[in-house]
Amino acid sequence: MENNQNENVKKDEILEESDAYKVDEEASKIENQENLDNEETVSELEELKEEPEDEGPYVKLSVKYDYKTLKYYNVFSIVYQKHFNILYIALAALCLGYAVFQVFYTIIPTIQAAQENGEAISWTIFLIPVLFLIFAAYAIYSFFSYEKGIDRNLTLHFNNTNKITTIETKINHKGIYIVSSNYEGESFKYEWPYITKICEIPQYYYFYVGKQPIIVPKDENCVLEGDLATLRAIVDEQAKIKPYKKVDKDIVKKPITYVHPSELDEMQKNSIEVEEVQSQEEKTEE
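Counting in this note's numbering, the final residue of the sequence shown is number 1722, and the numbers go up one at a time with none missing.
Below, the structure is given as structure tokens:
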């Protein structure tokens, strides 16, 4: 009996070991299958990553948001987007018209009536026309001096900061890709459906995402890859399906003579280096 019991116990132990081996074997098969699936997925992703994207013709430019760039955009925005010049003219005409109306229909009749009745003339009747004449004069001054105001604000801005934002812009038939110097390693992609309108002046293109402009210069010195002819072709293609505005004349009247503090420092360093080289050459000749 004891022998039979021992044999049964041994059989049970063998069966348990066999079942455990089968479970381990099944788990090993599942794990191997998962590893194979992962390896296939990784290889597929690598193939997709290595496969070059068909970008087609493109142009890549470096854009400096310096004094010139910001001045041209501010003038364009004030005159051709917000139409402040028309607002100033309309305000001046309105104020002058009301002042004239007050003179002929209020002041003159009041003075005549006071003279006939022998009454004193109050100075308050001149207050409203004078105020409107001052408003008209301010509107006329603003119309002729808006560019001076832009120069003043930009000068204050760049005098307080030595940093000029530089943006690399890549444009192709799919959209506009931007990498800013303020966000290293971070890029922004705007596909063409998100570009709401295009404006153009002789010096720049303005691609608007809502009210926010993407400024692109028409300067060969700013081109890193491609050429301006490719950019022109892309703009012409998009201008057929989007709101497009072009201004052919130079919109800036006052010449730009401002020198950035950072550029001034660099010029001074170069001047010092040139002087040192010249003095060294003179010593060598002696």
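Built from N, CA and C at the ideal position, the CB exists for glycine as well.
Because the structure is a prediction, the values reported are computed rather than measured.
Anticipated Cβ contact below 8 Å, residue i with residue j, distance rounded
i	j	result
residue 1499	residue 1652	7 Å
residue 1694	residue 1600	Incorrect: roughly 12 Å between the Cβ atoms, too far for contact.
residue 1511	residue 1586	6 Å
residue 1506	residue 1590	6 Å
residue 1521	residue 1594	That belief does not hold up - the Cβ atoms of residue 1521 and residue 1594 are roughly 25 Å apart, past 8 Å.
CB contact below 9 Å: residue i versus chain B
i	result
residue 1658	In the structure shown, chain B cannot be found, because there is only a single protein chain.
Coil, strand or helix - residue i by DSSP
i	result
residue 1466	Residue confidence for residue 1466 is low, a pLDDT of 48 falling below 50, so the modelled location carries little weight and cannot support an answer.
residue 1555	coil
residue 1585	helix
residue 1608	strand
residue 1450	With a pLDDT of only 41 at residue 1450, under 50, the local geometry of the prediction cannot be trusted, and no value is derived from it.
residue 1399	With the chain running from 1437 to 1722 in the structure shown, residue 1399 is simply not present.
residue 1693	coil
residue 1601	coil
residue 1573	helix
residue 1594	helix
residue 1658	helix
Sub-9 Å separation of residue i and residue j beta-carbons
i	j	result
residue 1655	residue 1639	yes
residue 1582	residue 1524	yes
residue 1697	residue 1608	no
residue 1625	residue 1637	no
residue 1504	residue 1604	no
residue 1531	residue 1571	yes
residue 1647	residue 1627	no
residue 1690	residue 1584	yes
residue 1687	residue 1508	yes
residue 1673	residue 1606	no
residue 1535	residue 1568	yes
residue 1538	residue 1565	yes
residue 1528	residue 1561	no
residue 1494	residue 1666	yes
residue 1632	residue 1678	yes
residue 1542	residue 1557	no
Boundaries of the beta strand (DSSP E) in which residue i is found, first to last residue
i	result
residue 1649	1648-1653
residue 1634	1633-1636
residue 1562	Residue 1562 -> no beta strand (DSSP E), and no H or E assigned at all.
residue 1642	1640-1645
residue 1626	1623-1627
residue 1685	Residue 1685 -> no beta strand (DSSP E), and no H or E assigned at all.
For residue i, the first and last residue of its enclosing alpha helix (DSSP H)
i	result
residue 1671	1664-1675
Ordered list of alpha helix (DSSP H) runs contained in the segment 1488-1542, each at least 4 residues: 1503-1512 and 1520-1538
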